[in-house]
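K.L.:
Protein chains: 2
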Amino acid sequence: MVWRVPDNDNRPRHICAVCGTVFYDNPKIVAGCIPVWEEQILLCKRAIEPRYGLWTLPAGFMENGETASEAAARETWEEAVTQVDISDLFVVFNLPQINQVYMMFLANLSTCDFSPGDESLECKLYYENEIPWPELAFPTITHTLKFYFRDRDGGAFKFRSADIVREKGESLLFHRRSIPEVVT
Amino acid sequence: MVWRVPDNDNRPRHICAVCGTVFYDNPKIVAGCIPVWEEQILLCKRAIEPRYGLWTLPAGFMENGETASEAAARETWEEAVTQVDISDLFVVFNLPQINQVYMMFLANLSTCDFSPGDESLECKLYYENEIPWPELAFPTITHTLKFYFRDRDGGAFKFRSADIVREKGESLLFHRRSIPEVVT
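So the sequence lines, in the order shown, correspond to chains A and B. If you count by numbering that gives the first Met the number 0, then the first sequence holds residues 0 to 183, one letter each, in order. If you count by numbering that gives the first Met the number 0, then the second sequence holds residues 0 to 183, one letter each, in order.
1) So, with DSSP's three-state summary, where would you put Asn7 (chain A)?
2) Starting from the beta carbon of Met103 (chain B), find every residue of chain A whose beta carbon is closer than 9 angstroms, and list them in chain order.
3) In chain A, which residues lie with their C-beta within 7 angstroms of the C-beta of Arg176 (chain B)?
4) Kindly examine the ligand MN and report whether one of its heavy atoms sits closer than 7 angstroms to the Cβ of Glu74 (chain A).
5) Please list, in chain order, the residues of the stretch 83-94 of chain A that have any C-beta partner in chain B closer than 8 angstroms.
6) I want to know whether the stretch 87-96 of chain A touches the stretch 54-61 of chain A - three or more CB-CB distances under 8 angstroms.
7) List, in order along the chain, the chain B residues whose C-beta lies closer than 8 angstroms to that of Ile28 (chain A)?
8) Just checking my contact of Phe137 (chain B) with Phe89 (chain B) at CB under 8 angstroms: how many whole Å lie between their CB atoms?
9) Straight-line CA distance for Ala71 (chain A) to Glu78 (chain A)?
10) Buried or exposed for Glu48 (chain A), please, with buried defined as at least 16 other CB atoms from any protein chain shown within 10 angstroms of its CB.
11) So, under 8 angstroms CB-CB, Ile28 (chain A) and Val21 (chain A) are touching, yes? Tell me the CB distance rounded to an integer number of Å.
12) DSSP three-state label for Arg151 (chain B), please.
13) I want to see whether chain B comes within less than 8 angstroms of Glu62 (chain A), judged by CB atoms only; does it?
14) What does Trp2 (chain A) pair with, by DSSP beta-bridge criteria?
15) Would you verify that the beta carbon of Phe158 (chain B) is, or is not, closer than 8 angstroms to some beta carbon of chain A?
16) Taking DSSP as the reference, what is the three-state secondary structure of Leu56 (chain B)?
17) Please list the partners that Cys15 (chain B) has in chain A, where partner means a Cβ-to-Cβ separation under 7 angstroms.
18) Would Cys32 (chain A) count as contacting chain B if we go by Cβ distances under 8 angstroms?
19) Just to confirm my understanding: we take Ser170 (chain A), look at its own chain, exclude 5 residues before and 5 after, and list those with CB closer than 8 angstroms. What are they?
20) Nearest CA to the CA of Gly19 (chain A): which residue from A:Val1, A:Pro26, A:Arg45 and A:Val100?
21) Please list, in chain order, the chain B residues whose beta carbon lies closer than 8 angstroms to that of Cys18 (chain A).
22) Nearest CA to the CA of Asn184 (chain B): which residue from B:Val17, B:Glu38 and B:Ser86?
23) Shortest alpha-carbon distance to Thr81 (chain A) belongs to which of A:His142, A:Cys43, A:Ile140 and A:Asn9?
24) What's the call for Arg149 (chain B), buried or exposed, on a 16-neighbour Cβ count within 10 Å?
25) Please report how far the alpha carbon of Phe113 (chain B) lies from the alpha carbon of Ala16 (chain A), in whole angstroms.
26) Just tell me which of A:Phe60, A:Asp8, A:Gly168 and A:His142 has its CA closest to the CA of Asp8 (chain B).
27) Mapping DSSP to helix, strand and coil, what is Asn128 (chain B)?
28) Give me the residue from A:Phe104, A:Arg159, A:Cys111 and A:Arg10 with the minimum Cα distance to Ala58 (chain A).
29) My output table needs one value for Ala46 (chain A): the three-state DSSP class, helix, strand or coil.
Encoded structure:
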């Protein structure tokens, strides 16, 4: 494997030294959802690194052949062994420092049967006042839930897109990272 | 390079036979925009395959280290040598058969100076009634422009997400491909 600029390109890529195949490494989509059952949200306690033992919404890397909503439903099945009706796309978060784009959907649990999949230690329904905020796995999950509860209180869900940037050990949320306005 | 299921995974991946590096191939994001100047839209005539000689909105593969809106602005620079003010995310299209997710933004040209970049034969501003509909390069571009003009006529732009699926030689637009309702 070599690292050089292919013909007709403008940046270096991984190229197989034997067969010449170029392996493009581009941002990956993490697709997930907010599974709701009677005002409660289903969270999963992670059985894998990173953030082993912390709580997350079901989400994971979108695979080839899927749509983003199909990926969100598959990840919910893999992490919580339950079916969801995926509804509208709710938030898109760019995480340029780790080359990820989160796409989180509104969703309803089809039943209240669920159980931890291979990647979860435990799955549990939480009312808003029970959410374990300090034990959430990722800033993307915290912000998704904050936007969700804010919109639910306001009576209407509104699509949002934002950038999450890590600066001096803190994760900051911007409408756009080039514009110095932090979303609160 | 071999093709097998890595440890702790559930599907085959490209793995370097020498060093064991796993190369994940996931859906790629194509980021672009609708560059507007005084009611006109900037289109670029493609100087590259696929669809050499047909017209497109500036768009291309998002690269590591970027946000989607930064990628859209960079692609506009590369294809039309002009700066845009990127505004809201307007449409997300899933293309599961070719492993792409389009993210198209509303945008305004900062100036009306532009010229064809390396990937364009020509760049031109079009009023709605001049758009060369039969010569647009991709269904994603056609649908983006249709949604744009519909919302502009209606006085408000509304975020949309949809799936574009190829069936019997035709590209069909669905709210969700699992739901048999075609978006018109």
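Ideal placement from N, C-alpha and C gives every residue a C-beta, glycine not left out. In this text the structure is predicted, and so the values were computed from the model without any measurement.
P.N.:
The structure says:
1) coil
2) Here the premise fails: no neighbours, minimum Cβ distance about 12 angstroms.
3) Thr66
4) Looking at this structure, you won't find the ligand MN or any other ligand, since it has none at all.
5) Ile85, Asp87, Leu88, Val91 and Asn93
6) no
7) Asn25, Pro26, Ile28 and Val100
8) Not really, about 16 angstroms apart at Cβ, beyond 8 angstroms.
9) 11 angstroms
10) exposed
11) In this structure Ile28 (chain A) does not touch Val21 (chain A) by the C-beta definition: roughly 21 angstroms separates them, more than the 8 angstroms allowed.
12) Reduced to three states, the DSSP call for Arg151 (chain B) is helix.
13) yes
14) A:His13
15) yes
16) coil
17) Met0
18) no
19) Pro138, Ile163 and Val164
20) A:Val1
21) Chain B residues near Cys18 (chain A): Met0.
22) Nothing can be reported for residue 184 (chain B): it is not among the residues displayed for chain B, which extend from 0 to 183.
23) Considering only alpha carbons, the answer is A:Cys43.
24) Exposed, since its Cβ has fewer than 16 Cβ neighbours within 10 Å.
25) 40 angstroms
26) When each option's Cα is compared against that of Asp8 (chain B), the closest is A:Phe60.
27) helix
28) A:Phe104
29) Note: Ala46 (chain A) maps to coil in three-state DSSP.
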